[in-house]
Structure formats: structure tokens, C-alpha cells
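**Student:** Structure incoming, see below.
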Amino acid sequence: MILFEDVSYSYSPGRYALEHVNLDIGGAELVAILGENGAGKTTLVKHINGLLKPQSGRVTVSGADTKNSTVAALARKVGLVFQNPDHQLFAETVEKELAFALVNFAMPPDEVSRRVDWAMKEFELTQYRDRPPFMLSGGERKRLALASVLCYDPQILILDEPTTGQDSRQKIRLASLLKRLNGEGKTVLVVTHDMEFVADFIPKVVMLSKGRVIAEGSAEEILTNRELLMGASLLPPQLAELSWDLALQRPTIDLEQVVSAASKLVGGSQR
Amino acid sequence: MAIIEVQGLSYSYPDSPKPNILDVNLTVDEGEFVLITGPSGCGKTTLCRCLNGLIPNSYGGAFSGRVVVDGLLTTEHPVYEIAQRLGLVFQNPENELFCTTVEREVAFGPENLALPRGEVRSRAEEALGVVGISHLWDKSPEEISGGEQQKVAIAALLAMKPRVLVLDEPTANLDPLSARSVLNILAKLNTESGVTIILVEHRLEMVAHMADRCAVLDDGKLLLIGEPDEVLYSEAVDRMGIGIPKAVKVAKRLSFGSKSGKKPLSSRDLADIIRGGKQ
Ligand SMILES: Nc1ncnc2c1ncn2[C@@H]1O[C@H](COP(=O)(O)OP(=O)(O)OP(=O)(O)O)[C@@H](O)[C@H]1O
Ligand SMILES: Nc1ncnc2c1ncn2[C@@H]1O[C@H](COP(=O)(O)OP(=O)(O)OP(=O)(O)O)[C@@H](O)[C@H]1O
Ligand SMILES: [Mg+2]
Ligand SMILES: [Mg+2]
Chain A
0 MILFEDVSYS YSPGRYALEH VNLDIGGAEL VAILGENGAG KTTLVKHING LLKPQSGRVT
60 VSGADTKNST VAALARKVGL VFQNPDHQLF AETVEKELAF ALVNFAMPPD EVSRRVDWAM
120 KEFELTQYRD RPPFMLSGGE RKRLALASVL CYDPQILILD EPTTGQDSRQ KIRLASLLKR
180 LNGEGKTVLV VTHDMEFVAD FIPKVVMLSK GRVIAEGSAE EILTNRELLM GASLLPPQLA
240 ELSWDLALQR PTIDLEQVVS AASKLVGGSQ R
Chain B
0 MAIIEVQGLS YSYPDSPKPN ILDVNLTVDE GEFVLITGPS GCGKTTLCRC LNGLIPNSYG
60 GAFSGRVVVD GLLTTEHPVY EIAQRLGLVF QNPENELFCT TVEREVAFGP ENLALPRGEV
120 RSRAEEALGV VGISHLWDKS PEEISGGEQQ KVAIAALLAM KPRVLVLDEP TANLDPLSAR
180 SVLNILAKLN TESGVTIILV EHRLEMVAHM ADRCAVLDDG KLLLIGEPDE VLYSEAVDRM
240 GIGIPKAVKV AKRLSFGSKS GKKPLSSRDL ADIIRGGKQ
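Just so you know, the sequences run in chain order A and B. Numbering (numbering that gives the first Met the number 0) for the first sequence: 0 to 270. Numbering (numbering that gives the first Met the number 0) for the second sequence: 0 to 278.
Below you can see the structure in the form of C-alpha cells.
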């Protein structure tokens, strides 16, 4: 579905933002992209929707080289939600913001209103239908940016820091929506620093550091690998930390496992 | 000594169908570290804007009650005057960056305090060093990553050295190590220099143990305020969907809070209690 072959990119000579990146993301995957500030995450995802073109190497999306396609052509297929929602929001009202892409893709009016209603409901924005986007709270703006992309239903979804400004209830709602879409066959990439969100909801991880892919694997495996995490300025999720502090034989990011191990330890020390 | 006094504060944005802040009373003593949390849209940013006088001075709307910052009644003093005593890092700082280079951005505040050139320079250099972005000094704020921009905004605030720092989700775009180091810097400023800190955060696991008090806002109202462990172990927060640290969740599952009266906030403290070590 998404293939990076030996991709390099630099904004200024002598300093690579991406360096010889190889990455193969199959069909219906749900993947987190992790890495330190400046690691190249945003640069990487901008290559998938064609905003950036590799200076060397090749990026192909569903078999097509992004060099031969425009951002406009890729947009229908690849939905990118920007890290800063204010780069994306421009319409006069929440409703118009959501309808914009749909109208652009020439959807019939009843389809447009059905999808706009769906998106407002899904992201708890219905009460703000007629409000200008800049008059929303930070978290609400982020949800509007997410909603405006999700409502046109692209096959590939790329979300750059989707959980910023979200409380834990909103994160759970977002995660279950992403799981559902992924279950319906969509590819979902989540760029994030939110280790708890990854540990709780995202099965697969790609780790970037200094422009290179340094690890790929299951979240359970990578998030309990302390050396690897430290190498990319990441900290283990709390349950991994707790596993170590409790000296559990097999560190885990699963709440139930930690609770059951902890209650055995409590029982043991009381005897 | 109280450095911030909020009395009977209610506020609605122009045309807002309901109050966005409702009858909030809050006194913060000089040198306190207060954490503010609550669901998205509950009014955290609005409260911050009330503290630095942007509300009502720039936003209009219906304002009632009193906010006094370091002796200044916010409705009677312009925002720039309040800003010298209470510095605010906005939730989305990229939108506030406007200089041509990172260094100019960080020097801008001190320059406007009319400090000598050498002092401006050393403050800017120090602040950039503290947040770990000295290498970006000559970059344009448009040409750096999202997290790097956030660090610039934090450095710009630190360079002003205000007595009260208000930070609205300052770590949202920071990688975990950077987030921890920024929070440690704040804790150090607080304990060593007595700077008053008001911090808005959703990621409570990273900050709860640093704060003297934790306030929970809900739908414009101050629902709870107290010591972080009391607040996080209270039943009221369970229902609210705020980010309860995992250590607290596990401890609650083992019925710690209610049975033993022990209320660990960090995994280390929880582990110590479970393994019967030091408490
Ligand atoms: N427009 C730009 N011009 C020049 N350099 C840039 C530009 N955007 C990013 N960079 C640099 O490229 C590198 C990678 O940036 P990128 O935005 O991809 O990082 P990131 O992993 O998304 O970081 P963050 O977690 O902070 O958002 C960084 O060193 C950054 O300073
Ligand atoms: N400029 C504005 N005009 C009108 N209403 C606004 C404006 N800014 C925010 N609001 C509304 O006021 C309420 C409180 O918003 P505020 O930004 O204070 O929330 P918050 O707690 O900071 O949320 P978040 O965690 O999402 O940043 C929300 O219902 C929001 O929609
Ligand atoms: Mg980025
Ligand atoms: Mg806010």
C-alpha cells in the first residue's frame, strides 16, 4: 500500500530530515510512528500525500510513484490531518469546513449533509455547527481537523499528533473509531508522542530517529525495550515502567496482566 | 501571600449560549505549583486568558468577578503590563511566533523590558540552552518541527523571567524526554527560585507528583481542587474521563486508596508499597 524505497530528503544542504528510509506498510494496518522532536515524522508523512517528493529514492502509494501524481490527485486517497490544525482550518463555520472537501469531490448534496452530520456527531462538534473554527477550544479544533478529513473517507488515513488537547474520554472515542475504520480495511498511520495512547490502542510501531527508521515491530515488543526507547528520546509507557518497578518476569503494556501480577504480589507480602 | 486572586469569576464569550467560566474562586499563593486539568472544552484556556487579562481586555464578552495578579486588577491594567508579571505560553504557540529567527524570537520579550543588550543576549542564550535548542538559534520559526516551535515559545517565556508562569499544555508536541525535561525545569524554577507555576495538562502521570494542588474544571466550573493524590483518588474524577495515571488505576483496582489510605501517584511509589518496601 505504502512503500518507501531508500528515500532521502533534506530541507537544507548537509542535514538530512530523512536518510535512506525504507518502509513497507501493507494493506489494512494500524501503525504508530514514534520518534524524538525533529526525527522526521512530519517530513515522512508529507511524502505519502505528495506534499514533499523524495530527493532520492522512491515513494509509491498503491503502486503509483508519488513523483507522477499531484497532491490534488493523491488527496482523495490519502487523508492527512496536520500537526497544527490551524494550518488546515479556514472555513467560516464548522459545517462549511466539513463540507468543503466533500463538495470539492463533487458528492451529491444529501450525501454531503449525511457525512457532515456523521462527522459532527462522531467528534462531538454538533453544538458548534455554525461557529467559526477559530472560536473553538484547542482540542475542539483538533477534532474538527480530524473530522474534516475522516468525513471524506480516504483509503489511507494519516494523523499527525491526533491526541493533542484531547482528554482521555476523547482519546478512547478516537481510538475506537480508528479501530473500526482499520477493521473495514483502511490503512491508518498515527504520528504521536503519546506513548500511553500507543500502548493502549495501537498494535504496531515504526520508530524513527534522526531521519532513519531504527525499529519496527509490535507495540508490546518495542514499548518494553528500554534501550531502544531511550535511543529516540522516548520514555516507556507507565505500565512498562510499573512492570520493571515490580520486577515482573515479562514486562508488559497490558493493564489486566499488571493488575493480576500486582495482586499476587500484594497477597504474597501480606502472608 | 496570595499572588493570584480569582473571586466570583464568570465569563461568556460574545454570543456564547452559556457561561464558559462559572463562579470560579481560586487563590494561588506565591511559590505554589498548581495543575489545572479537565475535559476538552471545559474552560482551561479561557481561565488562562482571564489570568493574563486577555479576557476581557481583548475578547470582550460578559465578564464578572475579579482577577488580581500580583496586586494588579486585570480589568484596570493593560495586558502588556500584566504580562511582565505573569507570562503565558499559549496552547498553540506556533501561531504566536513572528520573528525571523529563533534567537530574535526569544530576545524579543527581554528587549521590550528595556534591559541592557548584554543581559538580553545572555537571557536568550540561557533560555535556548535550558530547553535544548541552542543549535536552532539562526533558524526561522517556520523552518523547524512542531515540537521545536513549542520549545521556542517556552524559551521565549523563560527569558522574560516573570514571577508567575502560566503554561497551557506546553508539552503537547514534545517528545517524552523533552516533555519531562521541560517539566523538571518548571519544578526547579518553582522550588529553587520560588516562581509560581500554573500548568494546564492532560497528561497527569507526568506532572501530578510535582504539583502542590490540582484543580479540575468541568463545564466552566471549578469542580475540585486539592492535593493531587486526594483529587486523583476521588470518585468524582473517575466519571469525568480525565487521564488518570496508570499507577492510580492499578492501585484503585487493588483497592489501595479506600482500604489502606495509601495513594501512590507514580509507578515507583506504587511498586514500593506493593513490595512492602519504603513508603
Ligand atoms: N520547513 C522546514 N525547513 C527547514 N527545515 C525543516 C523544515 N521543517 C522541518 N525541518 C527540520 O527537519 C527536521 C525534521 O522535521 P520534522 O518536522 O519532520 O520532525 P518531526 O519528527 O515531525 O518533529 P516533531 O515531533 O517536533 O513534530 C528537523 O530537524 C526540523 O528542524
Ligand atoms: N474565542 C471563542 N469564542 C467563543 N467560544 C469560545 C472561544 N474559545 C473557546 N470557546 C468555547 O469556550 C469553551 C471553553 O473553551 P476553552 O478553550 O477554554 O477549553 P479548554 O478547556 O482549554 O479545552 P481544550 O482542552 O480542548 O483546549 C468551549 O466550549 C469552547 O467552544
Ligand atoms: Mg512533526
Ligand atoms: Mg485549551
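Don't be surprised by glycine CBs; every beta carbon is placed ideally from N, CA and C.
1. Hey, which residues come within less than 5 Å of ligand 1, measuring from Cβ to any heavy atom, in chain order?
2. Using the C-alpha atoms, what's the distance from Thr-74 (chain B) back to Ala-118 (chain A)?
3. Any heavy atom of ligand 2 within a distance shorter than 6 Å of the CB on Cys-41 (chain B)?
4. Do Gln-237 (chain A) and Glu-4 (chain B) have their C-beta atoms within less than 7 Å of each other?
5. For chain B, is any of its Cβ atoms less than 7 Å away from the one on Arg-168 (chain A)?
6. Does any C-beta atom of chain A lie closer than 7 Å to the C-beta of Gly-240 (chain B)?
7. Whole angstroms are fine: how far does the CA of Ile-20 (chain B) sit from the CA of Gly-60 (chain B)?
8. Cβ of Val-70 (chain A) within 7 Å of Cβ of Gly-49 (chain A)?
9. Hey, would you say the C-beta of Thr-92 (chain A) is under 6 Å away from at least one heavy atom of ligand 2?
10. Could you give the distance in angstroms between the alpha-carbon of Thr-251 (chain A) and the alpha-carbon of Arg-84 (chain B)?
11. If you run the structure through DSSP and keep just helix, strand and coil, what is Gly-59 (chain B)?
12. For the beta strand (DSSP E) containing Ser-11 (chain B), list its first residue and its last residue.
13. Is there at least one Cβ from chain B nearer than 7 Å to Ser-259 (chain A)'s Cβ?
14. Is Met-0 (chain A) close to chain B? Criterion is C-beta to C-beta, closer than 7 Å.
15. Going by DSSP, name the residue or residues bridged to Leu-71 (chain B).
16. What are the residues that DSSP puts in a beta bridge with Thr-31 (chain A)?
17. Label Thr-99 (chain B) either buried or exposed according to how many other C-beta atoms from any shown protein chain fall within 10 Å of its C-beta, with 16 as the threshold for buried.
18. I think Val-80 (chain A) touches Ala-144 (chain A), with their Cβ atoms under 8 Å apart; what is that distance to the nearest whole Å?
19. Under 7 Å, do Ala-158 (chain B) and Val-105 (chain B) count as touching if we go by C-beta distance?
20. Using the Cα positions of Val-33 (chain B) and Glu-229 (chain B), report the straight-line distance between them to the nearest angstrom.
21. Does the distance between the C-beta of Gly-37 (chain B) and the nearest non-hydrogen atom of ligand 4 fall short of 6 Å?
22. Is the closest heavy atom of ligand 2 to the C-beta of Thr-44 (chain B) under 6 Å?
23. DSSP beta-bridge partners for Gly-37 (chain B)?
24. Once the 5 residues before and after Glu-255 (chain A) are set aside, which same chain residues still bring their CB inside 8 Å of it?
25. Please list the terminal residues of the continuous alpha helix (DSSP H) segment that includes Gly-128 (chain B).
26. How close, in whole Å, do the beta carbons of Ala-123 (chain B) and Pro-109 (chain B) come, if the pair is a contact with beta carbons under 8 Å?
27. May I ask whether a heavy atom of ligand 4 can be found less than 6 Å away from the beta carbon of Gly-137 (chain A)?
28. Taking C-beta to C-beta, are Gly-146 (chain B) and Leu-173 (chain B) nearer than 7 Å?
29. Would you say Val-204 (chain A) reaches chain B, if we count a Cβ-Cβ gap shorter than 7 Å as a contact?
30. If you follow the alpha helix (DSSP H) that Phe-107 (chain B) is part of, which residue opens it and which one closes it?
31. Looking at ligand 4, does it come within less than 6 Å of Gln-90 (chain B), judged from the CB to the closest heavy atom?
**Tutor:** Taking the definition as stated:
1. A:Tyr-10, A:Ala-16, A:Asn-36, A:Gly-37, A:Ala-38, A:Gly-39, A:Lys-40, A:Thr-41, A:Thr-42, B:Glu-142, B:Ile-143, B:Ser-144, B:Gly-145, B:Gly-146
2. 40 Å
3. yes
4. no
5. yes
6. yes
7. 12 Å
8. yes
9. no
10. 46 Å
11. coil
12. 1-11
13. no
14. no
15. B:Val-68
16. For the record, residue 31 (chain A) in the displayed sequence is Ala; it is not Thr. Paired residue(s): A:Val-189, A:Val-204.
17. exposed
18. 5 Å
19. yes
20. 14 Å
21. no
22. yes
23. Answer is none; Gly-37 (chain B) lacks a bridge partner.
24. none
25. 116-129
26. 7 Å
27. yes
28. yes
29. no
30. 101-111
31. yes
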